[in-house]
Amino acid sequence: MRSPGTVVFYVLLVMLLTGASVQYGLGRLPGDIIVDVAGSAIYLPITTAIIVAVVLGVIFWLVRRS
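Here the working numbering is used: the first residue of the sequence shown is 1, the next is one more, and so on.
Structure, rendered in structure tokens:
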């Protein structure tokens, strides 16, 4: 079982990289949700977050394995 601090670190890292990837070009994938109501928009990058989490998981797995 991982410590709560490690889990929080991983969650924050996924959130940070998801935000950076949306800002720098990976956003607007199929599965990302955009809600536009009365001139204000809410963007939920679900697919982008899943892709970032999988990539980070593979990287951490490779680092831990070696």
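Built from N, CA and C at the ideal position, the CB exists for glycine as well.
Beta strand (DSSP E) segment containing residue i, residue limits
{"i": "Leu44", "result": "40-44"}
{"i": "Asp36", "result": "33-37"}
Beta-bridge pairing of residue i - partner residues as DSSP gives them
{"i": "Gly55", "result": "Note that residue 55 is Val in the sequence shown here, rather than Gly. The partner list for Val55 (beta bridge, DSSP) is empty, contrary to what the question assumes."}
Contacts around residue i, its chain only, beta-carbon distance under 6 Å, and the 5 residues preceding and following it disregarded
{"i": "Tyr75", "result": "Residue numbering for the chain in the displayed model covers 1 to 66; residue 75 lies beyond these limits and cannot be assessed."}
Residue i: first and last residue of the uninterrupted alpha helix (DSSP H) it sits in
{"i": "Leu29", "result": "Unbroken run through Leu29: none, as it is neither H nor E."}
{"i": "Ser21", "result": "4-23"}
Cβ-Cβ separation, residue j to residue i (assumed contact under 8 Å), whole Å
{"i": "Ala49", "j": "Val7", "result": "Not really, about 16 Å apart at Cβ, beyond 8 Å."}
{"i": "Leu17", "j": "Val52", "result": "5 Å"}
Cβ-based neighbour list, residue i, same chain, cut-off 7 Å, excluding 5 preceding and 5 following
{"i": "Trp61", "result": "none"}
{"i": "Val22", "result": "Pro45, Thr48"}
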